[in-house]
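According to the working numbering, the sequence shown holds residues 5 to 341 in order. Below is one structure; the comments refer to it alone.
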Amino acid sequence: MLDALRGLAIVGVVVGHANLGILQSGITYSESLFFRNLHVVLYSLHLPLLAFLFGINISFSFRAGRNSQKLIRRIVEFFYLYLVWTLIQGVYEILGSRFANTPVTWQEVVNIFKPLGHLWFLPWVAIAYAAIATLQPWHNICRAMLTLLGSGVLAWFFWGVNGEYFYLQGLSLIFFAVGGSVFGNIIIKNSGFNLLSISFATFATLVCFWIFFQGVRVTLPTLQDVDKTAQSVLSGILFSIFGMLAVFLIFSIIYQKINFRILETVGYYSLPIYLAHLLFVPPVRVLLSKIGMSDIMVLVCASTLGLVLSFLYVFFSKNAFLRWTISMPSPCRNMIK
5 MLDALRGLAI VGVVVGHANL GILQSGITYS ESLFFRNLHV VLYSLHLPLL AFLFGINISF
65 SFRAGRNSQK LIRRIVEFFY LYLVWTLIQG VYEILGSRFA NTPVTWQEVV NIFKPLGHLW
125 FLPWVAIAYA AIATLQPWHN ICRAMLTLLG SGVLAWFFWG VNGEYFYLQG LSLIFFAVGG
185 SVFGNIIIKN SGFNLLSISF ATFATLVCFW IFFQGVRVTL PTLQDVDKTA QSVLSGILFS
245 IFGMLAVFLI FSIIYQKINF RILETVGYYS LPIYLAHLLF VPPVRVLLSK IGMSDIMVLV
305 CASTLGLVLS FLYVFFSKNA FLRWTISMPS PCRNMIK
């Protein structure tokens with residue numbers, strides 16, 4: 005089920021980036037209300053859900069006996085992929101800069117402390133992994149409460165902050181990763197088609213609808229919001245928490261009856277798909293715009309074909325020529341003791 009949920013989150017990321025690209029390009033005007041609401045919902049949920057699932061995986065792997073050597077190797081691999089994809093994404097964006105909403109320069113590419121676009125997620129994963137693996141908040145209640153409190157304070161101050169440097173980006177999401185490591189096992193055991201799960205899912209969904217239809221301003225967790233207020237931050241945090249919980253529980257209920265093989269496959273390859281999708285999503289939008297396509301729904305749906313192309317990239321990257329783009333070469337991995 006976790007792979008399928010991860011796949012659902014990645015689909016949300018791809019649709020979210022496609023939708024945001026269209027909004028930023030100025031293609032949409034009077035029809036944009038639905039797509040702006042879609043933007044709020046997706047950016048409130050997809051990365052918090054990914055972070056929550058990531059936290060669950062950390063706790064599961066350490067309960068299964070992961071040692072410090074494997075931890076260090078994994079962290080080094082995340083930074084390796086960050087450097088590799090900074091080069092790939094940088095060259096790609098420079099070559100296509102005349103079609104981009106925000107052109108990129110070589111100076112921006114070589115400054116690895118300032119991530120390009122979505123690549124901040126890789127160092128975030130490494131930092132969150134190291135912090136949660138060191139603290140191991142799932143061991144006892146006191147440690148869990150202190151870690152949740154600390155990450156909650158971090159979320160409050162960095163909600164709606166997109167820092168300039170990689171170590172200042174995504175800090176609001178650590179709260180969800182900690183939550184996954186502490187509560188994930190309990191939620192999984194009690195999820196599914198049962199009264200408790202259905203009750204919590206209904207309550208979480210109603211809270212989300214109440215926040216959304218109150219018309220209050222919602223600050224998004226990872227996008228810069230210079231006009232944020234205490235109310236918009238609180239609304240954003242509550243919307244993300246209850247929305248993520250509602251998606252998790254509703255999906256667990258449906259999963260008992262329906263097999264999501266495609267989502268499971270997407271989730272299994274979630275990291276390389278996440279890395280590669282911006283190589284394909286923007287060109288589809290640009291191509292359709294060039295041939296005169298202006299229907300927003302068609303543009304958003306067609307742009308998500310980038311997910312299919314990203315999956316094909318992952319398939320072909322299993323050969324030796326491209327394998328280094330999705331995993332650290334074995335000789336380098338074996339050097340880490």
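Just so it is clear, CB atoms sit at the ideal spot from N, CA and C, and this is done for glycine as well.
Minimum Cα-Cα distance from Val-222 among the listed residues Gly-183, Ala-306, Leu-46 corresponds to Leu-46. In terms of Cα proximity to Met-332, the closest of Arg-77, Phe-56, Asn-198, Val-15 is Arg-77.
Separation of Met-149 and Leu-175 (C-alpha to C-alpha, rounded to the nearest whole angstrom) is 18 Å. It is roughly 33 Å from the alpha-carbon of Gly-247 to the alpha-carbon of Glu-97. The criterion of a C-beta distance shorter than 8 Å is satisfied by Gly-59 and Ile-136. Boundaries of the alpha helix (DSSP H) around His-43: 36-67. Lys-232 sits in coil when the DSSP states are folded into three classes, being neither helix nor strand.
In the DSSP assignment, Glu-112 falls within the alpha helix (DSSP H) that extends over 110-114. Spatial neighbours of Leu-313 in its own chain (CB-CB distance under 7 Å, excluding positions within 5 residues in sequence) are listed in chain order as Phe-284. Cβ-Cβ distances below 6 Å link Phe-213 to nothing in the same chain once the five nearest sequence neighbours on each side are left out.
For Lys-193, the uninterrupted alpha helix (DSSP H) segment begins and ends at 178-194.
Below 8 Å, too few C-beta pairs join the stretch 137-144 and the stretch 190-208 to call them touching: fewer than three. Per DSSP, reduced to three states, the secondary structure at Gly-167 is coil, with no helix or strand assignment. Assigned with DSSP and collapsed to three states, Thr-226 falls in coil, not helix or strand.
Here Pro-119 carries a coil assignment [DSSP, helix/strand/coil].
Non-local C-beta neighbours of Pro-119 in its own chain, meaning closer than 6 Å and more than five positions away in sequence, comprise Phe-170, ordered along the chain. With contacts defined by Cβ atoms closer than 8 Å, Phe-243 and Ser-48 form a contacting pair. Residues of the same chain with a CB within less than 6 Å of the CB of Ala-132, apart from the 5 flanking positions on each side, are Ile-178, Ala-181 in chain order. Under the three-state reduction of DSSP, Phe-325 is assigned to coil, being neither helix nor strand.
Counting other Cβ atoms within 10 Å of its Cβ, Ser-334 stays below 16 and is therefore classed as exposed. Nearest neighbour of Leu-309 by Cα position, chosen from Phe-325, Lys-322, Leu-291, Leu-126, turns out to be Leu-291. Boundaries for Phe-284: no alpha helix (DSSP H) harbours it, and the DSSP string shows neither H nor E there.
About 29 Å separates the beta carbons of Val-15 and Leu-199, which is beyond the 8 Å limit, so they are not a contact pair. The DSSP-derived three-state label of Val-157 is helix. Contact check for Gly-188 against Ala-8 fails: the beta carbons are separated by 8 Å or more. Here the C-alpha atom of Val-251 lies approximately 12 Å from the C-alpha atom of Leu-210. Distance from the CA of Gly-94 to the CA of Lys-261, rounded to the nearest whole angstrom, comes to 44 Å.
Judged by DSSP in its simplified three-state form, Val-237 adopts helix. Annotation for Ile-254: Ala-205 place their beta carbon closer than 6 Å to its own, counting only its chain and skipping 5 residues before and after.
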